[in-house]
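To start, the structure itself, in structure tokens.
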Amino acid sequence: MSVPFDPSESLREYAHPEALVTTEWLAQNLGTKGLVVLESDEDVLLYQTGHIPTAVKIDWFTELNDDTLRDYLDGTDFAALLSSKGINRDDTVVIYGDKSNWWASYALWVFKLFGHEDVRLLNGGREKWIAEGRELTREIPEVEVTNYPVIERHDSQIRAFRDDVMKHFGNPLIDVRSPQEYTGERTHMPDYPEEGALRGGHIPTAASVPWARAANEDKTFKSLADLQQIYLEEAGLKPGDDVIAYCRIGERSSHTWFVLKYLLGFYSVRNYDGSWTEWGSSVAVPIVKGPERGAVPVIKR
Amino acid sequence: MKLEQLTPIPGLIGMDGPEGLRDYFAGTFWTAPSFLLNVVANKAGQFTGATGSSRDISNELDYQALIGFRKAADGILTTAHTARIEQYRRSRYAPLALVSRSGDFSGIPAVEIDTAGPIDSKVYLLVTRGQLRSVKARYTSPWIQVVSIGSGSTFRLSFALTRIGWRKILVEAGPTFSSYLISRSVIRGIALSITDAGESSPLEAAAAALQNLGVVTATLESADRVEGTLFTRWTDIHPQRRS
Amino acid sequence: MTNPPAIQALIADFNELPIKERLDLLLEFSDNLPKLPARYADHPDLLERVEECQAPVYLFVEIDDAKHVQLFFSAPPEAPTTRGFASVLHEALNGLPAQEILDVDANFPDELGLTAAVSPLRMNGMRAMLARIKRQTREKLA
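If you read the sequences in order, they're chains A, B and C. Just so you know, we're using the numbering used here here: the first sequence kicks off at 1 and counts up by one. Just so you know, we're using the numbering used here here: the second sequence kicks off at 302 and counts up by one. Just so you know, we're using the numbering used here here: the third sequence kicks off at 545 and counts up by one.
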């Protein structure tokens, strides 16, 4: 059974206000039957240092990826995972995390690959909850194991593969990495160790919109007006566009995917999660170095 | 080695006799998880007297304070050595954890005698991995649980206690083990009673004892004087450098 | 060359725990990273930033007259994994003779059995800290 949406004024302006909840709403609804709260962080120890009461941990590295393939869980494993977290198919799942909900967005995107209907982000994430002095606990909640159904994954709606990108030219691409990664000065995130693609640069015609531009100082998403300024005015997106977003391995671009789809209301937004790590080390795919977007490449088939 | 820095906080709180003292100390002291060292000494910095026990130095007031701390704690940590000298019984206020490198827990009432304290008050025997099997085989009373502390490092020790579920850990060890924990930066707070303080200031009364524990700097958090016994509490403990 | 006893103890302590509990032990280290003494707390500019880490981490190496190394770390509470790594390195290396620090196996972090729980990407941070400790030690010995 799912929980009513957050009616807060601050969320109303977005295309899909039901995809967000405020800290105030969450504080009031903790413990409600039908609500499961998940914490998804970049730092693997952060949850253990203290988390929102009743929240269950989900770790992108150890739980959302398949051990052998460089791919996500299949339906059976996803069902087992969500059952172990105490989630039912019709539950409301609220996900939050550190770094402006960067990894929380990624977890939400994976949930959407499996078509879980009611999954929302806590606006402002972990940092806002803490900044407001709200309660944290180290207590690990008791989880009642459920029977989440096996769902076949449907990637095509929200996930792009390399060949999809090759066919996509002429349609907008958003590169959400840092400017230095975009120009090719650097092949890894500032402050992050080299994970290394072979070449630096970006996919031709991609616009550079670093992912964190979508967030305020307090880690909430920017207002609709601000987002429109960034993505429509500056990056040149138009309503109705078919957009693909990418970064290094698809983790930062999930955040932008969420913004484009749920806040700005684009119907067709896909996350190219192979991202630069795949593109930059592929043979015979075009790349552009430097600050210019580049032209639509002529693809030899 | 000189005690370099103290930050005295003015104001001494008067107590309403021993009962009031016990309840005062039973109030929350820690932000969990942390180790509070409770130790009694005299102005000369001695922790034991002629019999080698802290009872030579302690008094009724200090004992009441000890009970108060035990009530507030999740568990009491000491060594097998101290438990033997002081003839520890199981406490009705908190479970006991005894550390021994040699795995020798003989001569300790809390371990060996079923009438030495409540039968449902647990005693944890903390031993290094090499001792684990033999100690488990030797001590099988229902109130005893043998726990591994791996290599015996202080991290592994505090991890073992966290796993038991303890957050507020009262350390009641002798000066050797206490100094060791202080040198390893395990101790967050020291509750030091000086039983012959008379009218001395906290710094005068406590300096020798703190020095002997290897404390180089500490911040005085509170000081209470009751009939010549000075109860001091210190935080921000910095030991001498590890060599 | 065999590892110093402190490192051997760490390797044994981590590896004998089930993988999930290794994270808990890392948390123990993280919670107990020694605080900076006043002379560094008041002068953060003296510390060196470890660029490779996923969070702002600073470290400083001091060598005393007996040529033993003292290590000082600063890492914020919002980065508990990085704090944990710093704390493990402190436990492993603090107080060792400088030459032993130079001789320590640069890959010993991989032997802790943490990689599976934490990810190879994150472990790079610990290796980077170790490399800087060695470099500062080498520079200060000269």
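Glycine residues also receive a C-beta, built at the ideal position from the N, C-alpha and C atoms.
Going by other Cβ atoms of all chains shown within 10 Å of its Cβ, with 16 needed for buried, is ASP6 of chain A buried or exposed?
buried
6 angstroms CB neighbourhood of VAL472 of chain B in its chain, flanking five on each side removed
These residues qualify, in order along the chain: PHE336, LEU338, LEU378.
Mind checking ALA643 of chain C: buried by the 16 CB within 10 Å criterion, or exposed?
In the sequence under discussion, the amino acid at residue 643 of chain C is Gln, which differs from the Ala named in the question. An exposed status is given to GLN643 of chain C, since fewer than 16 other beta-carbon atoms sit within 10 Å of its beta-carbon.
By DSSP, does TYR148 of chain A sit in helix, in strand, or in coil?
coil
Interface residues of chain C facing VAL44 of chain A [CB-CB closer than 8 angstroms]
LEU567, THR625, ALA661, VAL662, SER663, ARG666
Collapsed DSSP secondary structure at GLN614 of chain C in the structure displayed
strand
Can you list the residues of chain C that SER452 of chain B reaches, using a CB-CB cut of under 7 angstroms?
ALA553, ALA556, ASP557
Among A:CYS247, A:GLY115, A:GLY75, A:VAL37, nearest to LYS85 of chain A - alpha-carbon criterion:
A:VAL37
To be precise: take each residue of the region 608-634 of chain C, compare its Cβ to all Cβ atoms of chain A, and keep it if any distance is under 9 angstroms. Which residues remain?
PRO621, GLU622, ALA623, PRO624, THR625, THR626, ARG627, GLY628
Output, in sequence order along the chain, the residues in the region 213-225 of chain A whose CB is closer than 9 angstroms to any CB in chain C.
none
Would you identify the three-state DSSP class for ILE310 of chain B, choosing helix, strand or coil?
Bear in mind that a pLDDT of 46 at ILE310 of chain B, under 50, signals an unreliable position, so the number given afterwards is only what the model happens to contain. Three-state result, ILE310 of chain B: coil.
Consult DSSP for LEU61 of chain A and reduce its assignment to one of helix, strand or coil.
For the sequence presented, residue 61 of chain A should be read as Phe rather than Leu. Helix.
By alpha-carbon positions, which one of C:GLU683, C:GLU622, C:SER574, C:THR681 ends up nearest to LYS128 of chain A?
C:GLU622
Report the residue from C:LEU633, C:ASP589, C:ALA660, C:THR659 whose alpha carbon sits nearest the alpha carbon of VAL648 of chain C.
C:LEU633
Helix, strand or coil for HIS634 of chain C per DSSP?
helix
Would you call GLY669 of chain C buried or exposed, if buried means 16 or more other Cβ atoms sit within 10 Å of its Cβ?
When all chains shown are included, GLY669 of chain C counts as buried.
So with Cβ pairs under 8 angstroms, would you call LEU570 of chain C a contact of chain A?
yes
Starting from PRO540 of chain B, trace the beta strand (DSSP E) in both directions and tell me its first and last residue.
Annotation for PRO540 of chain B: the continuous beta strand (DSSP E) segment containing it runs 530-540.
When you compare the CB positions of ILE306 of chain A and ASP273 of chain A, do they come within less than 8 angstroms of one another, or not?
The question about residue 306 of chain A has no answer, for chain A in this structure spans 1 to 301.
PHE456 of chain B lies in the alpha helix (DSSP H); which residues open and close that run?
455-465
Rounded to a whole number of angstroms, what is the C-alpha to C-alpha distance between GLU505 of chain B and THR536 of chain B?
17 angstroms
Quick one: does THR68 of chain A have its CB under 8 angstroms from some CB of chain C?
Because the pLDDT of THR68 of chain A is 49, which lies under 50, any placement of that residue in the model is unreliable, and the number read from its coordinates should be weighed accordingly. Taking Cβ atoms only, chain C never reaches closer than 8 angstroms to THR68 of chain A, which makes this a no.
Closer than 7 angstroms between beta carbons: that is the criterion. Which residues of the region 436-463 of chain B meet it against chain C?
GLY451, SER452, SER454, PHE456, ARG457, SER459, PHE460, THR463
Beta-bridge partners of LYS469 of chain B, as assigned by DSSP
B:SER335
By alpha-carbon positions, which one of A:ILE140, A:PRO210, A:ASP164 ends up nearest to SER178 of chain A?
The shortest C-alpha separation from SER178 of chain A is found at A:PRO210.
For SER268 of chain A, which residues of its own chain have a beta-carbon under 8 angstroms away from its beta-carbon, when the five flanking residues on both sides are left out?
ASP241, ASP242, VAL243
Got a sec? Which residues, its chain only, sit under 7 angstroms from PRO540 of chain B by beta carbon, not counting five neighbours each side?
ILE483, SER484, SER486, GLY515, VAL516, VAL517
Closest by C-alpha distance to VAL44 of chain A, when choosing among C:LYS564, C:ALA553, C:VAL605
C:LYS564
Interface residues of chain B facing GLU655 of chain C [CB-CB closer than 7 angstroms]:
Neighbours of GLU655 of chain C on chain B: none; closest Cβ ~14 angstroms, over 7 angstroms.
Delimiting residues of the beta strand (DSSP E) encompassing ILE203 of chain A
Careful: ILE203 of chain A lies outside any beta strand (DSSP E) and carries neither H nor E.
Quick one: is GLY236 of chain A buried, meaning 16 or more other Cβ sit within 10 Å of its Cβ, or exposed?
GLY236 of chain A comes out exposed.
Does the beta-carbon of THR137 of chain A have 16 or more other beta-carbons within 10 angstroms, so that it is buried, or is it exposed?
By the beta-carbon neighbour count (other beta carbons within 10 angstroms, threshold 16), THR137 of chain A is exposed.
Can you give me the C-alpha to C-alpha distance between GLU18 of chain A and TYR96 of chain A, rounded to a whole angstrom?
15 angstroms
Would PRO578 of chain C count as contacting chain B if we go by Cβ distances under 8 angstroms?
yes
Chain C contact residues for PHE78 of chain A, given Cβ-Cβ distances below 7 angstroms:
Near PHE78 of chain A there are no residues of chain C at all, since even the closest Cβ is about 20 angstroms away, more than 7 angstroms.
Check the Cβ-Cβ distances between SER486 of chain B and every residue of chain C, and say whether any is below 8 angstroms.
yes
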